[in-house]
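Taken in sequence, the protein lines are chains W and X.
Be aware that the first sequence starts at 505, since it is given in this note's numbering, and climbs by one per residue.
Be aware that the second sequence starts at 505, since it is given in this note's numbering, and climbs by one per residue.
There are 2 protein chains.
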Amino acid sequence: MSQKPSIPKGTRDFSPAETARRNYIFDTCRRVFRLFGYSPIETPAMENLSTLLGKYGEEGDKLLFRIQNSGEQASAPPEKGLRYDLTVPFARYVVQHQNDIAFPFKRFQIQPVWRADRPQKGRYREFFQCDVDVIGSRSLVNELELIQIVAEVFGHLGVAVTLKLNNRKILAGIAESIGHPDSLVDITVAIDKLDKIGLEAVKSELAERGIDTDAIARLEPILALSGTNSAKLDSLAATLSDSEIGLAGIAEMREIFGLVDALEIPLHIELDLSLARGLNYYTGTIFEVKARDWSIGSICGGGRYDDLTGIFGMPGVSGVGISFGADRIFDVMEGLDLFPAEAVAGTRVLFLNFGGEEQAASLRLLARLREKGIPAEIYPEAAKMKRQMEWANRRSIPFVVILGADELAAGTVTLKNMQTGEQQQLPAASLPEMLTTK
Amino acid sequence: MSQKPSIPKGTRDFSPAETARRNYIFDTCRRVFRLFGYSPIETPAMENLSTLLGKYGEEGDKLLFRIQNSGEQASAPPEKGLRYDLTVPFARYVVQHQNDIAFPFKRFQIQPVWRADRPQKGRYREFFQCDVDVIGSRSLVNELELIQIVAEVFGHLGVAVTLKLNNRKILAGIAESIGHPDSLVDITVAIDKLDKIGLEAVKSELAERGIDTDAIARLEPILALSGTNSAKLDSLAATLSDSEIGLAGIAEMREIFGLVDALEIPLHIELDLSLARGLNYYTGTIFEVKARDWSIGSICGGGRYDDLTGIFGMPGVSGVGISFGADRIFDVMEGLDLFPAEAVAGTRVLFLNFGGEEQAASLRLLARLREKGIPAEIYPEAAKMKRQMEWANRRSIPFVVILGADELAAGTVTLKNMQTGEQQQLPAASLPEMLTTK
Numbered sequence: 505m506s507q508k509p510s511i512p513k514g515t516r517d518f519s520p521a522e523t524a525r526r527n528y529i530f531d532t533c534r535r536v537f538r539l540f541g542y543s544p545i546e547t548p549a550m551e552n553l554s555t556l557l558g559k560y561g562e563e564g565d566k567l568l569f570r571i572q573n574s575g576e577q578a579s580a581p582p583e584k585g586l587r588y589d590l591t592v593p594f595a596r597y598v599v600q601h602q603n604d605i606a607f608p609f610k611r612f613q614i615q616p617v618w619r620a621d622r623p624q625k626g627r628y629r630e631f632f633q634c635d636v637d638v639i640g641s642r643s644l645v646n647e648l649e650l651i652q653i654v655a656e657v658f659g660h661l662g663v664a665v666t667l668k669l670n671n672r673k674i675l676a677g678i679a680e681s682i683g684h685p686d687s688l689v690d691i692t693v694a695i696d697k698l699d700k701i702g703l704e705a706v707k708s709e710l711a712e713r714g715i716d717t718d719a720i721a722r723l724e725p726i727l728a729l730s731g732t733n734s735a736k737l738d739s740l741a742a743t744l745s746d747s748e749i750g751l752a753g754i755a756e757m758r759e760i761f762g763l764v765d766a767l768e769i770p771l772h773i774e775l776d777l778s779l780a781r782g783l784n785y786y787t788g789t790i791f792e793v794k795a796r797d798w799s800i801g802s803i804c805g806g807g808r809y810d811d812l813t814g815i816f817g818m819p820g821v822s823g824v825g826i827s828f829g830a831d832r833i834f835d836v837m838e839g840l841d842l843f844p845a846e847a848v849a850g851t852r853v854l855f856l857n858f859g860g861e862e863q864a865a866s867l868r869l870l871a872r873l874r875e876k877g878i879p880a881e882i883y884p885e886a887a888k889m890k891r892q893m894e895w896a897n898r899r900s901i902p903f904v905v906i907l908g909a910d911e912l913a914a915g916t917v918t919l920k921n922m923q924t925g926e927q928q929q930l931p932a933a934s935l936p937e938m939l940t941t942k
Numbered sequence: 505m506s507q508k509p510s511i512p513k514g515t516r517d518f519s520p521a522e523t524a525r526r527n528y529i530f531d532t533c534r535r536v537f538r539l540f541g542y543s544p545i546e547t548p549a550m551e552n553l554s555t556l557l558g559k560y561g562e563e564g565d566k567l568l569f570r571i572q573n574s575g576e577q578a579s580a581p582p583e584k585g586l587r588y589d590l591t592v593p594f595a596r597y598v599v600q601h602q603n604d605i606a607f608p609f610k611r612f613q614i615q616p617v618w619r620a621d622r623p624q625k626g627r628y629r630e631f632f633q634c635d636v637d638v639i640g641s642r643s644l645v646n647e648l649e650l651i652q653i654v655a656e657v658f659g660h661l662g663v664a665v666t667l668k669l670n671n672r673k674i675l676a677g678i679a680e681s682i683g684h685p686d687s688l689v690d691i692t693v694a695i696d697k698l699d700k701i702g703l704e705a706v707k708s709e710l711a712e713r714g715i716d717t718d719a720i721a722r723l724e725p726i727l728a729l730s731g732t733n734s735a736k737l738d739s740l741a742a743t744l745s746d747s748e749i750g751l752a753g754i755a756e757m758r759e760i761f762g763l764v765d766a767l768e769i770p771l772h773i774e775l776d777l778s779l780a781r782g783l784n785y786y787t788g789t790i791f792e793v794k795a796r797d798w799s800i801g802s803i804c805g806g807g808r809y810d811d812l813t814g815i816f817g818m819p820g821v822s823g824v825g826i827s828f829g830a831d832r833i834f835d836v837m838e839g840l841d842l843f844p845a846e847a848v849a850g851t852r853v854l855f856l857n858f859g860g861e862e863q864a865a866s867l868r869l870l871a872r873l874r875e876k877g878i879p880a881e882i883y884p885e886a887a888k889m890k891r892q893m894e895w896a897n898r899r900s901i902p903f904v905v906i907l908g909a910d911e912l913a914a915g916t917v918t919l920k921n922m923q924t925g926e927q928q929q930l931p932a933a934s935l936p937e938m939l940t941t942k
């Protein structure tokens, strides 16, 4: 027991300063989601394994944390697993509670998820997801709203971002038009790597996956499209003129860009055909957000799915959603020093403790500060003044109040600004007002 | 797959209305804790089993949820378990991060815990704890602060409560004075049941535990003490005059009551010698809070412990803390209908969707409402008006805006109050102000 205790690898403790900063991100998301009419739900950390298995591919099944049965059934195979994401529990929730839900259902959910991934820098076995989805509506106004939410959240956080958009139907149209309609998944997986491995490597990967040279050649100019979003859509419309699904995707994108332009949303938005995302359930719009001033993977992403709840026996319900990557957003904001001082502000004023009558008077004055909503405290015991001051310093408390024998007799307090070192004497009664305005 | 999906027994989904109400409780706690200088921390859901085992007694060990190892080690005995409470992880955190902590350390923590208990009404396998502790200070000002926090939290929530206080040293003094100093645990466990099983049953239980008839007779008047808190303490002081530890406990209680009285804390506080609480680590003050107008177990409780971190190799650090039982507080507030309307307020206004130009104008006006912080939304598609109105009703949205062709032409909107049915026409530009003040 003399060995220092530790926590499982891939998990983290969060200190007061870290927790406050993380909450600043979550609170910002929550406030914006509410502003757009989304409501919070919560689901249990444990789901039945039958709910989770087979939903994340073979690899995902292996990464599920399974919970041993308790009591007599301990030796039987596990029946429960920890939540792996918030999407499958959301689908399960919608099907299970369908009779209590007024569709379209707009929900957000901010909870931790667990994956038995090999831990590495920036990848954890426990991390939070922050999802916002609407289910039960095919209208592209929902896509517009999510784009507005992206603009609002990152605007409030002060993170400059680019929103990349694509559409799964356009990708399907491309697969169709190059003569490989059944290789959509192969093509999108390969395209997804364009940024990482470059054009040549993608081409050889496509060849390995059985796409013929002729088709790859026809694909290449599409990948190299440039110009404005609307110029890209125009060229694509010409290329995909024979593909019904491709044209449908183009029409959707045009409608979304039209809605965005009309509202003058202050956000850098880019049509990016290399954006495919791994997950196979997206059927329409695909979103991905990148920070402009910090190099890191996508910090937010999502898309439209036409059959999320089908896996639980409720087919044909379309939805669209995005997920904010709180850990990466945290890293970006730390890296760029974007957290405002008030995001980590704790106690505003510490009363030094001189015991006896001075302590009694301090406690009374403290109660009045707290009534005004000012976070305030007293050092719990009459320790040496040096020790008390150090405590205030280590905790970055901006003001210290000295209410000693002299001040008590005079009905005053001495207020010390811990940053400037400046001290001033003032009537005890005026302290609440002074600290509210300072 | 056509069978409706479900969740593990003893766990719960929380709907938007339930989540909003629960958050109202958590937010109230959080705001009050901050006001008193407590900072949030978070610890992982999983702890090493070595951290958890042996900390909750034999029964507790059985109730730990164990997590199967992943990959190749899957068949080896589990090494990780889910958090069973927030106290042991807090002790582990303090020892692990002792060099980064400025003691006294005032922290709060609001996170779920898991117990493989047999599920029953009001008892869940996943539930939230809401703990506030200070560690590294023996001063009774900390006890005072926790009492103030109890008064503030329940005051804000509107729940009338009684705070019951006791002191482990007084209980030890009693054990000593009846000649059974080593039977403190037996005596307190038995006393703890006084409320539930009555005096006679407690007496036979004490006899079964080897306390002789003479000692039980000497214990009886102590259990029957009545009068004001200070009268009780006076009688006790006479009875325990030979017990050093008993007198120390009485002195502590007198100091706490003195501090409370000087501050005129608006809280019903009662010295209750039958209050012992099961846990063995309390060494001084013991707290328990009961709702006055609703029959349910304790809704908040805690106490002082002198050696919480000793189990992790850091002995002699005294602390004191309390835990708010969010689930029970929720039940009390639901039962007494105490949640204020704003606790569940979601969207304030819904725009009906008429498509085309009307939709475009609605989206522009919506953006202005949201700028003012008004949660507002538009039905995502131009569905039948009846359907849209029903949706507003099912979600209890208080106002609906109609911006149809006529209104668009006139630059007005029709605002409908969904509770009264009253409708009024007003200039579109004045809608934000109207909804802010209404």
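Using N, Cα and C, we set each Cβ at its ideal position, and we do this for glycine too.
As the structure is a prediction and not an experimental result, all values here were calculated from the model.
Kindly indicate if chain X contains any beta-carbon less than 9 Å away from that of residue i.
i: Val917 (chain W); result: no
i: Leu638 (chain W); result: Checking the sequence shown, residue 638 (chain W) turns out to be Val, not Leu. True, the Cβ-Cβ gap to chain X drops below 9 Å.
i: Thr523 (chain W); result: yes
i: His772 (chain W); result: no
i: Gly807 (chain W); result: no
i: Val905 (chain W); result: no
i: His601 (chain W); result: yes
i: Ser734 (chain W); result: no
Enumerate in chain order the residues of its own chain whose CB-to-CB distance from residue i is below 8 Å, with the five nearest sequence positions on each side excluded.
i: Asn897 (chain X); result: Met922
i: Met889 (chain X); result: Leu856
i: Asp818 (chain X); result: A quick correction: the sequence has Met, not Asp, at residue 818 (chain X). Counting only Cβ-Cβ distances below 8 Å, and skipping sequence neighbours, we find Val598, Val599, Gln602.
Would you say residue i faces chain W, with C-beta separation under 9 Å as the test?
i: Asp831 (chain X); result: no
i: Met505 (chain X); result: Confidence is the limiting factor: at Met505 (chain X) the pLDDT is only 45, short of 50, which leaves the residue's position unreliable and the question unanswerable from this model.
i: Tyr588 (chain X); result: no
i: Gln624 (chain X); result: no
i: Ala752 (chain X); result: no
i: Pro725 (chain X); result: no
i: Lys584 (chain X); result: yes
i: Arg758 (chain X); result: no
By the three-class DSSP mapping on this structure, what secondary structure does residue i have?
i: Asn671 (chain W); result: strand
i: His660 (chain W); result: helix
i: Val645 (chain X); result: helix
i: Arg535 (chain X); result: helix
i: Trp798 (chain W); result: coil
i: Met505 (chain W); result: With a pLDDT of 45 at Met505 (chain W), under the threshold of 50, the predicted position of this residue should be treated as unreliable, and no value is reported.
i: Met550 (chain X); result: strand
i: Ala728 (chain X); result: coil
i: Pro931 (chain X); result: strand
Assuming residue i and residue j form a contact by the criterion Cβ under 8 Å, report the distance between their Cβ atoms to the nearest whole angstrom.
i: Lys736 (chain W); j: Leu688 (chain W); result: Wrong, their Cβ atoms sit about 20 Å apart, outside the cutoff.
i: Ala887 (chain X); j: Thr851 (chain X); result: Rounded, the Cβ-Cβ distance is 17 Å, inconsistent with contact.
Residues in its own chain within less than 6 Å of residue i by CB, not counting five upstream and five downstream?
i: Val536 (chain X); result: Ile653, Glu656, Val657
i: Glu680 (chain X); result: Ser747
i: Val693 (chain X); result: none
Output needed for residue i: all residues of its chain with C-beta closer than 7 Å, excluding positions within five of it in sequence on either side, in chain order.
i: Glu862 (chain X); result: Leu907, Gly908, Ala909, Leu912
i: Ala752 (chain X); result: Lys673
i: Phe834 (chain X); result: Arg525, Arg526, Ile529
Measuring only from the beta carbon, is residue i closer than 8 Å to any heavy atom that is part of the ligand HEM?
i: Glu759 (chain X); result: Judged by which ligands are present, the structure shown has none, so any question about the ligand HEM falls away.
> Between the stretch 832-851 of chain W and chain X, which residues of the former have CB atoms less than 9 Å from a CB of the latter, in chain order?
Replying inline: Gly850, Thr851
>> Can you pull out the residues from the stretch 544-558 of chain X whose beta carbon lies closer than 7 Å to at least one beta carbon of chain W?
In response: Pro544, Ile545, Glu546, Thr547, Pro548, Ala549, Met550, Glu551, Asn552, Thr555
> In chain order, what residues of the stretch 563-581 of chain W put their CB closer than 9 Å to some CB of chain X?
Replying inline: Lys566, Leu567, Leu568, Phe569, Arg570, Ile571, Gln572, Asn573, Ser574, Gly575, Ala578
>> Using a Cβ-Cβ cutoff of 9 Å, what residues of the stretch 646-664 of chain X are near chain W? List them in chain order.
In response: Asn646, Leu648, Glu649, Gln652, Glu656
>> Against chain W, which members of the stretch 531-543 of chain X pass a CB distance test of less than 7 Å?
In response: Arg538, Leu539, Phe540, Gly541, Ser543
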